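Quick note: the sequence shown uses this note's numbering, first residue 776, plus one each step.
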Amino acid sequence: MKHFLKNRPKTPSGRESSSSGMKWKVIVSLFILSFGSFVGMFFYYGFDPGLLASLSFYQNLANPSVRIVRIQEGLRKEEIADIMAQKLNWDEKTKLEFVNAHLALNSPNLEGRYFPKTYLIQKDEDPLGVTAVMLREFSKENGKVKKPKSTQVINQDTALKIASIVQREAAGKSDMKLISGIIWNRLFNGMKLQIDATLQYAKGSEEEGWWQKVEPEDKNIESYYNTYMYTGLPPSPIANPGLSAIDAAYNPQKTSCLFYLHDKKRKIHCSKTYEEHKKNIDRYY
(Lines of atoms letter the chains of each structure in order from A and count residues from 1; the text may use other names and numbers.)
(Lines give C-alpha, C1' and ligand atoms only; values in the text may rest on other atoms or scores of the structure.)
Protein backbone atom coordinates (compact mmCIF):
# COMPACT_ATOMS: atom_id res chain seq x y z
CA MET A 1 0.00 0.00 0.00
CA LYS A 2 2.85 2.42 0.79
CA HIS A 3 4.26 1.78 -2.66
CA PHE A 4 1.00 2.83 -4.32
CA LEU A 5 0.74 5.96 -2.20
CA LYS A 6 4.33 6.93 -2.89
CA ASN A 7 3.80 6.85 -6.64
CA ARG A 8 0.52 8.69 -6.88
CA PRO A 9 0.58 11.33 -9.68
CA LYS A 10 1.21 14.94 -8.72
CA THR A 11 -0.28 18.13 -10.08
CA PRO A 12 2.07 20.85 -11.45
CA SER A 13 1.97 22.45 -8.00
CA GLY A 14 3.24 19.25 -6.44
CA ARG A 15 -0.03 18.27 -4.80
CA GLU A 16 -1.67 14.94 -5.44
CA SER A 17 -4.33 15.22 -8.12
CA SER A 18 -7.96 14.88 -7.00
CA SER A 19 -8.63 12.54 -9.94
CA SER A 20 -5.83 10.27 -8.81
CA GLY A 21 -7.13 10.45 -5.26
CA MET A 22 -10.59 9.41 -6.33
CA LYS A 23 -9.22 6.47 -8.31
CA TRP A 24 -7.21 5.37 -5.28
CA LYS A 25 -10.28 5.49 -3.06
CA VAL A 26 -12.28 3.58 -5.63
CA ILE A 27 -9.62 0.89 -6.03
CA VAL A 28 -9.37 0.40 -2.27
CA SER A 29 -13.13 0.27 -1.94
CA LEU A 30 -13.43 -2.20 -4.79
CA PHE A 31 -11.71 -4.84 -2.71
CA ILE A 32 -14.49 -4.50 -0.18
CA LEU A 33 -16.74 -5.99 -2.86
CA SER A 34 -15.53 -9.46 -1.95
CA PHE A 35 -18.05 -9.26 0.91
CA GLY A 36 -20.95 -9.08 -1.53
CA SER A 37 -22.09 -7.66 -4.85
CA PHE A 38 -24.86 -5.61 -3.20
CA VAL A 39 -22.23 -3.42 -1.57
CA GLY A 40 -20.71 -2.90 -4.99
CA MET A 41 -24.00 -1.90 -6.53
CA PHE A 42 -24.57 0.72 -3.84
CA PHE A 43 -21.00 1.97 -4.14
CA TYR A 44 -20.88 2.34 -7.90
CA TYR A 45 -24.09 4.19 -8.49
CA GLY A 46 -22.78 7.71 -7.90
CA PHE A 47 -19.54 7.52 -9.84
CA ASP A 48 -18.62 8.69 -13.31
CA PRO A 49 -19.25 5.93 -15.91
CA GLY A 50 -15.92 6.53 -17.63
CA LEU A 51 -14.06 6.06 -14.37
CA LEU A 52 -16.01 2.90 -13.60
CA ALA A 53 -15.31 1.41 -17.00
CA SER A 54 -11.59 2.15 -16.66
CA LEU A 55 -11.53 0.28 -13.36
CA SER A 56 -13.19 -2.90 -14.63
CA PHE A 57 -9.97 -4.82 -14.11
CA TYR A 58 -9.85 -3.99 -10.39
CA GLN A 59 -13.53 -4.71 -9.92
CA ASN A 60 -13.16 -8.12 -11.52
CA LEU A 61 -10.32 -8.91 -9.14
CA ALA A 62 -12.39 -7.85 -6.15
CA ASN A 63 -15.60 -9.61 -7.11
CA PRO A 64 -15.24 -11.94 -10.10
CA SER A 65 -18.96 -12.72 -10.11
CA VAL A 66 -19.92 -9.16 -11.17
CA ARG A 67 -19.15 -7.27 -14.37
CA ILE A 68 -19.21 -3.54 -15.10
CA VAL A 69 -21.05 -3.00 -18.38
CA ARG A 70 -21.21 0.47 -19.88
CA ILE A 71 -23.93 1.05 -22.49
CA GLN A 72 -23.58 4.30 -24.41
CA GLU A 73 -26.48 6.40 -25.64
CA GLY A 74 -27.71 5.87 -29.18
CA LEU A 75 -26.85 2.20 -29.71
CA ARG A 76 -29.26 -0.24 -31.30
CA LYS A 77 -30.07 -3.47 -29.49
CA GLU A 78 -27.70 -5.56 -31.63
CA GLU A 79 -24.80 -3.34 -30.56
CA ILE A 80 -25.82 -3.69 -26.92
CA ALA A 81 -25.95 -7.47 -27.42
CA ASP A 82 -22.35 -7.38 -28.69
CA ILE A 83 -21.21 -5.51 -25.57
CA MET A 84 -23.07 -7.90 -23.28
CA ALA A 85 -21.63 -10.90 -25.11
CA GLN A 86 -18.11 -9.57 -24.63
CA LYS A 87 -18.56 -8.72 -20.95
CA LEU A 88 -20.63 -11.77 -19.96
CA ASN A 89 -18.99 -14.28 -22.30
CA TRP A 90 -22.16 -15.05 -24.24
CA ASP A 91 -22.09 -17.25 -27.33
CA GLU A 92 -23.95 -16.35 -30.54
CA LYS A 93 -27.07 -18.24 -29.49
CA THR A 94 -27.28 -16.42 -26.16
CA LYS A 95 -26.65 -13.08 -27.85
CA LEU A 96 -29.52 -13.76 -30.25
CA GLU A 97 -31.78 -14.52 -27.28
CA PHE A 98 -31.08 -11.02 -26.00
CA VAL A 99 -31.82 -9.44 -29.38
CA ASN A 100 -35.12 -11.35 -29.55
CA ALA A 101 -36.06 -10.94 -25.88
CA HIS A 102 -39.30 -9.19 -26.90
CA LEU A 103 -40.54 -12.47 -28.39
CA ALA A 104 -40.00 -14.37 -25.14
CA LEU A 105 -41.74 -11.56 -23.24
CA ASN A 106 -44.64 -11.39 -25.72
CA SER A 107 -43.90 -7.70 -26.10
CA PRO A 108 -43.50 -5.33 -29.03
CA ASN A 109 -40.02 -4.43 -30.20
CA LEU A 110 -38.10 -3.26 -27.12
CA GLU A 111 -35.78 -1.00 -29.11
CA GLY A 112 -35.66 2.36 -27.36
CA ARG A 113 -36.22 0.89 -23.90
CA TYR A 114 -32.76 -0.55 -23.21
CA PHE A 115 -31.70 2.37 -21.06
CA PRO A 116 -28.07 3.46 -21.59
CA LYS A 117 -25.94 3.72 -18.45
CA THR A 118 -23.23 1.84 -16.57
CA TYR A 119 -24.54 -1.36 -15.04
CA LEU A 120 -23.29 -3.92 -12.54
CA ILE A 121 -24.39 -7.30 -13.84
CA GLN A 122 -23.78 -10.80 -12.52
CA LYS A 123 -21.47 -12.54 -14.97
CA ASP A 124 -23.81 -15.55 -15.26
CA GLU A 125 -26.94 -13.43 -15.87
CA ASP A 126 -29.07 -14.70 -18.75
CA PRO A 127 -30.43 -12.50 -21.57
CA LEU A 128 -33.91 -12.15 -20.08
CA GLY A 129 -32.42 -11.19 -16.73
CA VAL A 130 -30.27 -8.50 -18.34
CA THR A 131 -33.27 -7.27 -20.33
CA ALA A 132 -35.34 -7.02 -17.14
CA VAL A 133 -32.63 -4.96 -15.43
CA MET A 134 -32.44 -2.52 -18.34
CA LEU A 135 -36.21 -2.20 -18.67
CA ARG A 136 -36.55 -1.44 -14.95
CA GLU A 137 -33.91 1.25 -15.30
CA PHE A 138 -35.77 2.69 -18.28
CA SER A 139 -39.02 2.86 -16.32
CA LYS A 140 -37.28 4.58 -13.41
CA GLU A 141 -35.46 7.16 -15.55
CA ASN A 142 -38.39 7.79 -17.88
CA GLY A 143 -40.47 8.65 -14.85
CA LYS A 144 -38.16 11.62 -14.17
CA VAL A 145 -39.01 13.32 -17.46
CA LYS A 146 -41.46 16.22 -17.38
CA LYS A 147 -44.29 15.26 -19.70
CA PRO A 148 -47.23 17.23 -21.12
CA LYS A 149 -50.53 16.74 -19.33
CA SER A 150 -52.20 15.37 -22.45
CA THR A 151 -50.66 12.07 -23.55
CA GLN A 152 -52.95 12.14 -26.58
CA VAL A 153 -50.46 14.50 -28.21
CA ILE A 154 -47.27 12.72 -27.14
CA ASN A 155 -47.63 9.11 -26.07
CA GLN A 156 -44.62 7.06 -25.00
CA ASP A 157 -44.22 5.16 -28.27
CA THR A 158 -44.17 8.39 -30.28
CA ALA A 159 -41.80 10.06 -27.83
CA LEU A 160 -39.33 7.18 -27.95
CA LYS A 161 -39.29 7.12 -31.75
CA ILE A 162 -38.53 10.84 -31.82
CA ALA A 163 -36.03 10.57 -28.95
CA SER A 164 -34.12 7.83 -30.75
CA ILE A 165 -33.88 9.96 -33.90
CA VAL A 166 -32.81 13.00 -31.88
CA GLN A 167 -30.14 10.92 -30.12
CA ARG A 168 -28.64 9.81 -33.42
CA GLU A 169 -28.94 13.17 -35.18
CA ALA A 170 -27.80 15.61 -32.50
CA ALA A 171 -24.17 16.71 -32.19
CA GLY A 172 -24.73 17.19 -28.46
CA LYS A 173 -27.34 17.84 -25.80
CA SER A 174 -27.64 21.51 -26.78
CA ASP A 175 -29.02 20.52 -30.20
CA MET A 176 -31.60 18.06 -29.01
CA LYS A 177 -34.64 20.21 -28.27
CA LEU A 178 -34.20 22.19 -31.49
CA ILE A 179 -34.03 19.02 -33.58
CA SER A 180 -37.05 17.67 -31.74
CA GLY A 181 -38.96 20.87 -32.52
CA ILE A 182 -38.09 20.59 -36.21
CA ILE A 183 -39.18 16.95 -36.32
CA TRP A 184 -42.51 17.86 -34.71
CA ASN A 185 -42.97 20.72 -37.18
CA ARG A 186 -42.43 18.41 -40.14
CA LEU A 187 -44.85 15.86 -38.71
CA PHE A 188 -47.55 18.47 -38.12
CA ASN A 189 -47.05 19.79 -41.67
CA GLY A 190 -47.37 16.32 -43.20
CA MET A 191 -43.80 16.43 -44.52
CA LYS A 192 -41.53 13.44 -44.92
CA LEU A 193 -38.86 13.51 -42.23
CA GLN A 194 -36.04 12.68 -44.69
CA ILE A 195 -33.63 11.81 -41.90
CA ASP A 196 -30.46 9.86 -42.61
CA ALA A 197 -30.40 8.09 -39.24
CA THR A 198 -33.63 6.22 -40.01
CA LEU A 199 -32.18 5.11 -43.33
CA GLN A 200 -29.02 3.95 -41.55
CA TYR A 201 -31.21 1.80 -39.33
CA ALA A 202 -32.91 0.31 -42.39
CA LYS A 203 -29.65 -0.63 -44.12
CA GLY A 204 -27.60 -1.57 -41.05
CA SER A 205 -26.12 -5.05 -40.76
CA GLU A 206 -23.54 -6.87 -38.67
CA GLU A 207 -21.43 -7.55 -41.76
CA GLU A 208 -21.39 -4.03 -43.23
CA GLY A 209 -21.86 -2.01 -40.04
CA TRP A 210 -24.89 -0.83 -38.10
CA TRP A 211 -24.50 2.87 -38.97
CA GLN A 212 -23.22 3.01 -42.52
CA LYS A 213 -22.85 6.23 -44.45
CA VAL A 214 -25.98 7.02 -46.45
CA GLU A 215 -25.46 7.10 -50.21
CA PRO A 216 -27.87 8.79 -52.68
CA GLU A 217 -29.09 5.42 -53.99
CA ASP A 218 -30.01 4.33 -50.46
CA LYS A 219 -32.98 6.68 -50.56
CA ASN A 220 -34.68 4.12 -52.82
CA ILE A 221 -34.46 1.31 -50.24
CA GLU A 222 -37.89 -0.22 -49.74
CA SER A 223 -38.39 0.01 -45.99
CA TYR A 224 -40.84 1.72 -43.66
CA TYR A 225 -37.75 3.02 -41.87
CA ASN A 226 -36.88 4.96 -45.02
CA THR A 227 -38.24 8.39 -44.13
CA TYR A 228 -37.22 9.68 -47.55
CA MET A 229 -39.82 7.34 -49.02
CA TYR A 230 -42.53 7.19 -46.34
CA THR A 231 -44.25 9.98 -44.44
CA GLY A 232 -44.41 9.88 -40.66
CA LEU A 233 -42.31 8.22 -38.00
CA PRO A 234 -40.61 4.84 -38.45
CA PRO A 235 -42.33 1.70 -37.08
CA SER A 236 -40.15 1.65 -33.95
CA PRO A 237 -37.34 3.58 -32.28
CA ILE A 238 -34.08 3.32 -34.21
CA ALA A 239 -31.78 3.35 -31.17
CA ASN A 240 -31.82 3.52 -27.39
CA PRO A 241 -31.84 7.17 -26.29
CA GLY A 242 -30.61 8.72 -23.09
CA LEU A 243 -32.55 10.91 -20.70
CA SER A 244 -31.75 14.20 -22.47
CA ALA A 245 -33.07 12.94 -25.81
CA ILE A 246 -36.23 11.57 -24.19
CA ASP A 247 -36.78 14.90 -22.46
CA ALA A 248 -36.29 16.70 -25.80
CA ALA A 249 -38.93 14.51 -27.46
CA TYR A 250 -41.51 15.42 -24.82
CA ASN A 251 -40.43 19.04 -24.53
CA PRO A 252 -39.33 20.30 -27.96
CA GLN A 253 -38.02 23.80 -28.54
CA LYS A 254 -40.53 26.15 -30.15
CA THR A 255 -39.21 27.00 -33.60
CA SER A 256 -40.47 27.87 -37.05
CA CYS A 257 -37.64 25.93 -38.69
CA LEU A 258 -38.35 22.94 -40.92
CA PHE A 259 -34.80 22.05 -41.97
CA TYR A 260 -31.43 21.69 -40.27
CA LEU A 261 -27.87 20.63 -40.93
CA HIS A 262 -24.58 20.46 -39.07
CA ASP A 263 -21.51 22.16 -40.50
CA LYS A 264 -18.08 20.58 -40.50
CA LYS A 265 -17.53 21.75 -36.93
CA ARG A 266 -20.80 20.04 -35.90
CA LYS A 267 -22.57 23.35 -35.28
CA ILE A 268 -26.27 23.19 -36.13
CA HIS A 269 -27.95 25.58 -38.59
CA CYS A 270 -31.71 25.55 -39.12
CA SER A 271 -33.89 27.21 -41.74
CA LYS A 272 -37.58 27.90 -42.35
CA THR A 273 -37.64 27.19 -46.09
CA TYR A 274 -36.01 24.77 -48.48
CA GLU A 275 -34.44 27.70 -50.33
CA GLU A 276 -32.73 28.82 -47.12
CA HIS A 277 -31.69 25.24 -46.46
CA LYS A 278 -30.05 24.98 -49.90
CA LYS A 279 -28.13 28.18 -49.18
CA ASN A 280 -26.90 26.65 -45.92
CA ILE A 281 -25.77 23.55 -47.80
CA ASP A 282 -23.78 25.71 -50.23
CA ARG A 283 -22.40 27.81 -47.40
CA TYR A 284 -21.27 25.04 -45.05
CA TYR A 285 -20.33 22.18 -47.39
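A virtual CB, placed ideally from N, CA and C, is assigned to each residue, including glycine.
Model, not experiment: these values are computed from the prediction.
Per DSSP, the continuous alpha helix (DSSP H) segment holding L878 begins and ends at A876 to A879. Under the DSSP definition of a beta bridge, H1037 partners with I1043. For R842, the three-state secondary structure derived from DSSP is strand.
According to the DSSP assignment, Q897 belongs to the beta strand (DSSP E) that extends over T893 to Q897. Taking each of E981, K1039 and Q969 in turn and checking the Cα distance to Y1049, the smallest one comes out for Q969. DSSP places N995 within a helical segment (H, G or I) once states are collapsed to three.
Take I858, set aside five residues on each side of it, and the residues of its chain with a beta-carbon closer than 7 Å to its own are V844 and I846, in chain order. A distance below 6 Å between beta-carbons, with the five flanking residues on each side excluded, links N1001 to the following residues of its chain, in chain order: L974 and A977.
DSSP, reduced to helix, strand and coil, places N1055 within a helical segment of the structure shown. By the C-beta density criterion, G849 is buried, having at least 16 other C-beta atoms within 10 angstroms. With contacts defined as CB atoms closer than 8 Å, A946 and I855 fail to qualify as a contacting pair. Shown here for D1022: same chain residues with a beta carbon closer than 6 Å to its own, the five before and five after excluded, namely V920 in chain order. Cβ contact annotation for L1018 (same chain, cutoff 6 Å, sequence separation greater than five): E916, in chain order.
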